[in-house]
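Presented below is the structure to which this report refers.
Number of protein chains: 2
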Amino acid sequence: MDISPNAIPDVVVRRLPIYARSLSYLAEEGVRSVSSQELGERIGVTAAQIRKDLSYFGEFGKQGIGYNVEYLLGHIRRILGLHEVWPVVLVGVGPLGQAIARYEGFRTRGIDIIGVFDNDSSKIGLQLGRNTVQPDSDLPKILQEHNIRLAIVAVPAVRAQEVVDVLVQNGVQGILNYAPIVVQTPDNVWVRHIDPVALLHSMTYYLSREDEHHAMNEH
Amino acid sequence: MDISPNAIPDVVVRRLPIYARSLSYLAEEGVRSVSSQELGERIGVTAAQIRKDLSYFGEFGKQGIGYNVEYLLGHIRRILGLHEVWPVVLVGVGPLGQAIARYEGFRTRGIDIIGVFDNDSSKIGLQLGRNTVQPDSDLPKILQEHNIRLAIVAVPAVRAQEVVDVLVQNGVQGILNYAPIVVQTPDNVWVRHIDPVALLHSMTYYLSREDEHHAMNEH
Numbered sequence: 001m002d003i004s005p006n007a008i009p010d011v012v013v014r015r016l017p018i019y020a021r022s023l024s025y026l027a028e029e030g031v032r033s034v035s036s037q038e039l040g041e042r043i044g045v046t047a048a049q050i051r052k053d054l055s056y057f058g059e060f061g062k063q064g065i066g067y068n069v070e071y072l073l074g075h076i077r078r079i080l081g082l083h084e085v086w087p088v089v090l091v092g093v094g095p096l097g098q099a100i101a102r103y104e105g106f107r108t109r110g111i112d113i114i115g116v117f118d119n120d121s122s123k124i125g126l127q128l129g130r131n132t133v134q135p136d137s138d139l140p141k142i143l144q145e146h147n148i149r150l151a152i153v154a155v156p157a158v159r160a161q162e163v164v165d166v167l168v169q170n171g172v173q174g175i176l177n178y179a180p181i182v183v184q185t186p187d188n189v190w191v192r193h194i195d196p197v198a199l200l201h202s203m204t205y206y207l208s209r210e211d212e213h214h215a216m217n218e219h
Numbered sequence: 001m002d003i004s005p006n007a008i009p010d011v012v013v014r015r016l017p018i019y020a021r022s023l024s025y026l027a028e029e030g031v032r033s034v035s036s037q038e039l040g041e042r043i044g045v046t047a048a049q050i051r052k053d054l055s056y057f058g059e060f061g062k063q064g065i066g067y068n069v070e071y072l073l074g075h076i077r078r079i080l081g082l083h084e085v086w087p088v089v090l091v092g093v094g095p096l097g098q099a100i101a102r103y104e105g106f107r108t109r110g111i112d113i114i115g116v117f118d119n120d121s122s123k124i125g126l127q128l129g130r131n132t133v134q135p136d137s138d139l140p141k142i143l144q145e146h147n148i149r150l151a152i153v154a155v156p157a158v159r160a161q162e163v164v165d166v167l168v169q170n171g172v173q174g175i176l177n178y179a180p181i182v183v184q185t186p187d188n189v190w191v192r193h194i195d196p197v198a199l200l201h202s203m204t205y206y207l208s209r210e211d212e213h214h215a216m217n218e219h
């Protein structure tokens, strides 16, 4: 089966890991079969959305019987490339980077942080989980030796672009960026941003609208 | 001006904080005027997208002159409700919660963490940034006293739903959830999820597709 990377909307690709995560919990709970309705309620999307999303990848489940949890999970994991473990580097070990380096939830879900890096000499040698902090200057060597294609960036905004440039020059094609700045990359490199403040601001939008409505009702 | 909360697509609402963030940087750099083209290149969206997004909120900028940075920033901040500071509680001070509590980037962008909570008695009294860790049992009192409407949840997945229930019962209407589980809330409560592993998986999807194509080319 050849899937053109452009055929599937990115919004669907972003939901697939959520389906996989929820199916993993169901499997752990010993649940063997789940309807699109039940899965949708757990995830907060409609049953129709789930059926439509999965239809991009073939036929799963039977009307009235639901999905076999293990089978669907296995299939989504293959679609996502998670039949193999992905080695990843982490750059930046401030408080957030240290929390990331120590978080066990990456390994259990197929993401193996094999190196952590910082440019602060006082942090070099620090033990974080399974890793010892290495200097940024070792990045190119490690990236090439281990054929690393994914990286997590947790440096301050002012350093993010230079770090991303080094990563991309040495073969990284997917970057999870915690720095609160949009980094520039070539077209063949994927970047996902995590900005908790921006997400909070997208909620203050709605909450302040409600205030307006309340205020209007009161007058 | 009455803006119905349902009139603006959520995807647009989620981009507004990114525009604000980028405009803040421009203002700090002393830039007074920016074209939709320049702003788009910084953010990674098209100029047309920016013009369309902003058109929901009125007329900004003039053809050929561009946007006044301070004016547009001020306007977007008001749209997002950021003319006031938002008091927020944080629940869960494992390594990630501690990093969140210590991060200065919330306060500088209008989000004031006024209380941090954990159910682990060994953490009570711990000083994190400006806050001292309090027991979860104090949550209802603090939420009500300070009229808190926004919360950050950084507890393990197994505890997330119970914590969210307490938050919602005590008036919280917006939740930033770091626990890798979809929490259930009433329709009038907004939830944004941060799951770094899911974001990485949405990139392994594309990278493993590339492998397939390479493999096909080689044969």
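Just so you know, the protein sequences line up as chains A and Z, in that order. Numbering of the first sequence is given in full-length UniProt numbering, commencing with residue 1 and proceeding in unit increments. Numbering of the second sequence is given in full-length UniProt numbering, commencing with residue 1 and proceeding in unit increments. By construction, the Cβ of each residue, glycine as well, lies at the ideal position given by its N, Cα and C atoms. All values reported here derive from a predicted model rather than from experimental measurement.
In this structure, DSSP gives A151/A an extended state, which the three-state scheme calls strand. Counting only the Cα atoms, V197/A lies some 20 angstroms from L54/Z. By the Cβ rule, the region 187-196 of chain A does not count as touching the region 138-148 of chain A, because fewer than three pairs are nearer than 8 angstroms. Residue environment analysis places T204/Z among the buried positions, since at least 16 neighbouring C-beta atoms fall within 10 angstroms of its C-beta.
In chain order, I18, S22, R42, I43 and G44 make up the part of chain Z whose C-beta sits under 8 angstroms from the C-beta of V182/A. Residue pairing by DSSP places Q127/Z opposite T132/Z in a beta bridge. At a Cβ-Cβ threshold of 8 angstroms, A151/Z and A179/Z do not count as neighbours. Assignment of D10/Z by DSSP, reduced to helix, strand and coil, places it in the helix class. Using beta-carbon distances, Q134/A does not count as an interface residue toward chain Z, since no partner is under 8 angstroms. Cβ contact annotation for R192/A (same chain, cutoff 6 angstroms, sequence separation greater than five): L176, in chain order.
From the beta-carbon of I114/A, no residue of chain Z is found nearer than 7 angstroms; the closest lies around 14 angstroms away. Looking at the DSSP output, P156/A bridges to nothing. Between the C-alpha atoms of R78/A and I76/Z there is a straight-line separation of about 42 angstroms. Counting along the chain, R102/Z sits inside the alpha helix (DSSP H) bounded by residues P95 to R102. Per DSSP, D53/Z is one residue of the alpha helix (DSSP H) stretching across A47 to S55.
Within the same chain, Cβ atoms closer than 8 angstroms to the Cβ of L80/A are found at L16, P17 and A20, the five residues on either side in sequence being excluded. Below the 7 angstroms Cβ cutoff, chain Z contributes no neighbours of G58/A, its closest Cβ being approximately 15 angstroms away. The Cβ of F106/Z sits closer than 8 angstroms to at least one Cβ of chain A. Secondary structure of R32/A (DSSP, three-state): coil. S22/Z places its beta carbon less than 8 angstroms from that of L39/Z. DSSP places L176/A in no alpha helix (DSSP H) but in the uninterrupted beta strand (DSSP E) bounded by G174 to N177.
By the neighbour-count criterion, in which a residue is buried when 16 or more other Cβ atoms sit within 10 angstroms of its Cβ, A160/Z is buried.
Per DSSP, the beta-bridge partners of I113/A are V88/A.
Spatial neighbours of A154/Z in its own chain (CB-CB distance under 8 angstroms, excluding positions within 5 residues in sequence) are listed in chain order as L90, V91, G92, V93, G94, L96, G97, I100, Y178 and A179. Nearest to P9/A by alpha-carbon distance, out of Y56/A, R32/A, L26/A and L199/A, is Y56/A.
For the region 195-206 of chain A, the set of residues with a beta-carbon nearer than 8 angstroms to any beta-carbon of chain Z comprises D195, P196, V197, A198, L199, L200, H201, S202, M203, T204, Y205 and Y206, in chain order.
Burial is judged here by how many other beta carbons sit within 10 angstroms of a residue's own beta carbon; I50/A has at least 16 and is buried. Judged by DSSP secondary structure, V191/A falls within the beta strand (DSSP E) whose first and last residues are W190 to H193. When rounded, the separation of the alpha-carbon atoms in S202/A and D195/A is 11 angstroms.
Linking L207/A to Q169/Z through their CA atoms gives a straight-line distance of about 17 angstroms.
Contact annotation: the region 128-139 of chain Z touches the region 111-119 of chain Z, with at least three C-beta pairs closer than 8 angstroms. One alpha carbon belongs to V69/A, the other to E28/A, and they sit about 10 angstroms apart. In the three-state DSSP reduction, D165/A falls in the helix class (H, G or I). The Cβ atoms of L200/A and I111/Z lie closer than 8 angstroms to each other. Sequence-distant partners of V31/Z (beyond 5 residues in either direction) whose C-beta falls short of 7 angstroms from its own C-beta, in its chain, are V69. Put simply, the backbone Cα of S121/Z is about 31 angstroms away from that of R42/A.
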